[in-house]
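Here's the structure, in structure tokens; my notes come after.
Protein chains in written order, with the working numbering: chain C, 1418 to 1751; chain S, 750 to 1212.
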């Protein structure tokens, strides 16, 4: 058998990360948008729209981290050390975000504090993820099998920009999710926010697409050299088409399309990043084959992934199906 | 050198702190998930509203605890990399897939069905809802299976070869079912059940002390004490077998736990003493001659190795684990006594009405958590100075992160954990202070009206 196990696993982990980004993306987006909704009932409805699913969504992040540890231990070891500060800040922020789902209902007197924790946690976690993404694209200094950069190697103008860009993107996912799941004034408000956020997201995609090839000639060559430019042209064309359709569906006050089109925008951006960085898992030095664990480990876990991932997707879809339809403030169990 | 030493200690402190906080939550949710499944089964089978009331009462507590377990567990999945990069790099091929299977088989299962369990009573039929509860309970047990397989492998590594410095799995069956795994898994799952039982028992006792006729509280205490009566003695046996397994594979840990310095036949059981790593003695010893050998080798004259037979840099820190071990065993014996007393009082139909017993049950409420932490400190500190026993030293396992960075993140974890989990514990106690009603219907005052909370039980009986 000549399966390219590292390649298969790189694809699987990429899918896990993408699943995380789009699924926890709209959860975190709800937290980011909390300050725009002051009404107590609105906030409760917003939280109830994600309360049954947020935990499953966050599990994809554990799969991303755990999967990296399992099949690309070298990359896990280097990346976790390189992104030490933003990752720890992200984890702490996710703690505040996660406990708020319970705590805000348990303690009416301190509800505003836990709402603040929910919003602050969502914003900080998102910006930290965006910073990690930007620093990852820019490249990581490696010596032998260890990280060789400084404490603040992850902090650059570009990574700060990607941090803010992701903030805008997750807020867009959150807003379009609310368009899908809510009714009335809350729904109308979400639609107006989504229109502005969609424009922000499109601007951010264009900016990153122009900025990235400036500092990385390899990425520039990959996109713009002939004949690649012809093969890869569909990606930006699809982005443009999706962006147009998204704006149009929002102005037509559609319920479902804005969320789906925002997801497509994320998927396309992700595809673009993959094209830029492949085959590096620690750009610009360590490839997926360098970092891969032994075939014994990759094969063993792949069996599980092949059997279990479809089942997981099945009951995840079922959970979403159970909680389909519009939500309101009275859907909790507390 | 001094710097790297400090950073190493700080990194260990950080791991100890985050994992100690974390283990408290699963220790409770593993037991509580099974308890909820039993309660829902009883409700479906007997149709008595009091079981549904109990289910809802404990479901709220479960949701809160589970949420804290998730967020503190997420931290753990990144701790290996942030502070222990070289360990992750070298042991990743063996441990990573085990944790990967934990995510695939346990975390997704729990998270996927938790939503249905918490919010779905109105949306799915009774059978499906019960199925969701069972899946969450099974998920917690599967999670324990994989994480204890990984931990046990670090204690008693097996089924691997070393290639280019990395541990490479050669035989997965041997990796997973490594020598200490079956004992550790049994010991931990029983510990989780006992921990939960004593919390449930304490809550029942608390409300019985206030109102002796509270039916729901009586059921809590009764069910908890059945667990104590049968599982606590089983745990003593499981613990003894686990100890014998440790003696076979990690004799230095046993010597440090027992405070034995010299190898001797007919070794005493030291009940009290102050092991001293410098002078290589156990001071102020109070001991029973020969009993140490009897317990460890099941022979009065059996030979027991002392710590002096290992070089100084291979000895676990005896003063710590000598006492953490005794604390755990002491609590275990107290649990067995509670179980026996409960049988006696139950036979006389005085279980729910005996004031001193109720107060004792209340005091024993948090004992399981203390025992679990003491047990983990014993086994993990006893593994030192190795991270992979006998093969990789903890000192080699650390990331090249400077001491101030580790100290800073440790400080941040301490502040956030104390604030968040302090508040969480307070909310848990608040929920437990609320008396369980015979029919759990109304939400707490001050909360928005919530449909699931106000639906009367009969309305839920539709298909």
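Think of the CB as a built atom: it goes at the ideal place given N, C-alpha and C, for glycine as much as any other residue.
Query: Distance between residue 1523 (chain C) and residue 1191 (chain S) (C-alpha atoms, nearest Å); Result: Confidence at residue 1191 (chain S) is low in this model, with a pLDDT of 37, below 50, so its placement is unreliable and the value that follows should be read with caution. When rounded, the distance between both Cα atoms is 14 Å.
Query: Residue-chain proximity (residue 1442 (chain C), chain S), Cβ-Cβ < 8 Å; Result: no
Query: CB contact check: residue 1539 (chain C) to chain S, cutoff 8 Å; Result: no
Query: Residues near residue 1497 (chain C) by beta carbon distance below 7 Å, same chain, minus five either side; Result: 1504
Query: Buried or exposed by the 16-neighbour rule on C-beta atoms within 10 Å, applied to residue 1620 (chain C); Result: exposed
Query: Cutoff 8 Å: residue 1524 (chain C) Cβ touching any chain S Cβ; Result: yes
Query: Beta carbon of residue 1582 (chain C) nearer than 8 Å to that of residue 1592 (chain C); Result: no
Query: Proximity of residue 1143 (chain S) and residue 1149 (chain S) at Cβ, strictly below 8 Å; Result: no
Query: As assigned by DSSP and simplified to three states, the class of residue 1673 (chain C); Result: coil
Query: Spatial distance of residue 777 (chain S) from residue 941 (chain S) (CA atoms); Result: 6 Å
Query: Exposure label - residue 929 (chain S); buried when at least 16 CB within 10 Å; Result: buried
Query: Pair within 8 Å by beta-carbon distance, residue 1515 (chain C) and residue 820 (chain S); Result: yes
Query: Exposed unless 16 or more other CB atoms sit within 10 angstroms - verdict on residue 1645 (chain C); Result: exposed
Query: Residue-chain proximity (residue 868 (chain S), chain C), Cβ-Cβ < 8 Å; Result: yes
Query: Per-residue burial, residue 1419 (chain C) [other beta carbons within 10 Å of its own, 16 or more giving buried]; Result: exposed
Query: DSSP bridge partner residues for residue 1142 (chain S) (one or two, in chain order); Result: S:1135
Query: Own chain residues within Cβ distance below 7 Å of residue 1637 (chain C), not counting five before or after; Result: 1630
Query: Element boundaries [alpha helix (DSSP H), containing residue 1439 (chain C)]; Result: 1422-1450
Query: Cβ distance (whole Å) where residue 985 (chain S) is taken to contact residue 885 (chain S) below 8 Å; Result: Wrong, their Cβ atoms sit about 29 Å apart, outside the cutoff.
Query: Simplified DSSP assignment, three categories, for residue 1185 (chain S); Result: coil
Query: Interfacial residues, the stretch 1577-1608 of chain C to chain S, with Cβ spacing under 7 Å; Result: none
Query: Proximal residues of chain C, C-beta to C-beta of residue 1156 (chain S) below 8 Å; Result: Ordered by position in chain C, no residue passes the 8 Å Cβ test against residue 1156 (chain S), which lies about 12 Å from the chain.
Query: Spatial distance of residue 1451 (chain C) from residue 1443 (chain C) (CA atoms); Result: 12 Å
Query: Beta-carbon gap between residue 1499 (chain C) and residue 1557 (chain C) smaller than 8 Å; Result: yes
Query: Distance CB(residue 1477 (chain C))-CB(residue 1715 (chain C)) smaller than 8 Å; Result: no
Query: Limits of the alpha helix (DSSP H) - the one that residue 1067 (chain S) falls within; Result: 1067-1096
Query: Within chain C, the residues that residue 775 (chain S) reaches when beta carbons sit closer than 9 Å; Result: Within chain C, no residue comes near residue 775 (chain S); the closest Cβ sits about 14 Å away, beyond 9 Å.
Query: Test item: CB-CB of residue 1518 (chain C) and residue 1594 (chain C) under 8 Å; Result: no
Query: Helix, strand or coil at residue 838 (chain S) [DSSP, three-state]; Result: helix
Query: Sub-8 Å separation of residue 1041 (chain S) and residue 1007 (chain S) beta-carbons; Result: yes
Query: Opening and closing residue of the alpha helix (DSSP H) in which residue 1503 (chain C) lies; Result: 1501-1523
Query: 7 Å Cβ shell around residue 1600 (chain C) - same chain, five flanking residues per side excluded; Result: 1743
Query: 8 Å Cβ cutoff, residue 820 (chain S) in contact with chain C; Result: yes
Query: Boundaries of the beta strand (DSSP E) in which residue 1698 (chain C) is found, first to last residue; Result: 1697-1699
Query: Within 8 Å, strictly: CB atoms of residue 859 (chain S) and residue 831 (chain S); Result: no
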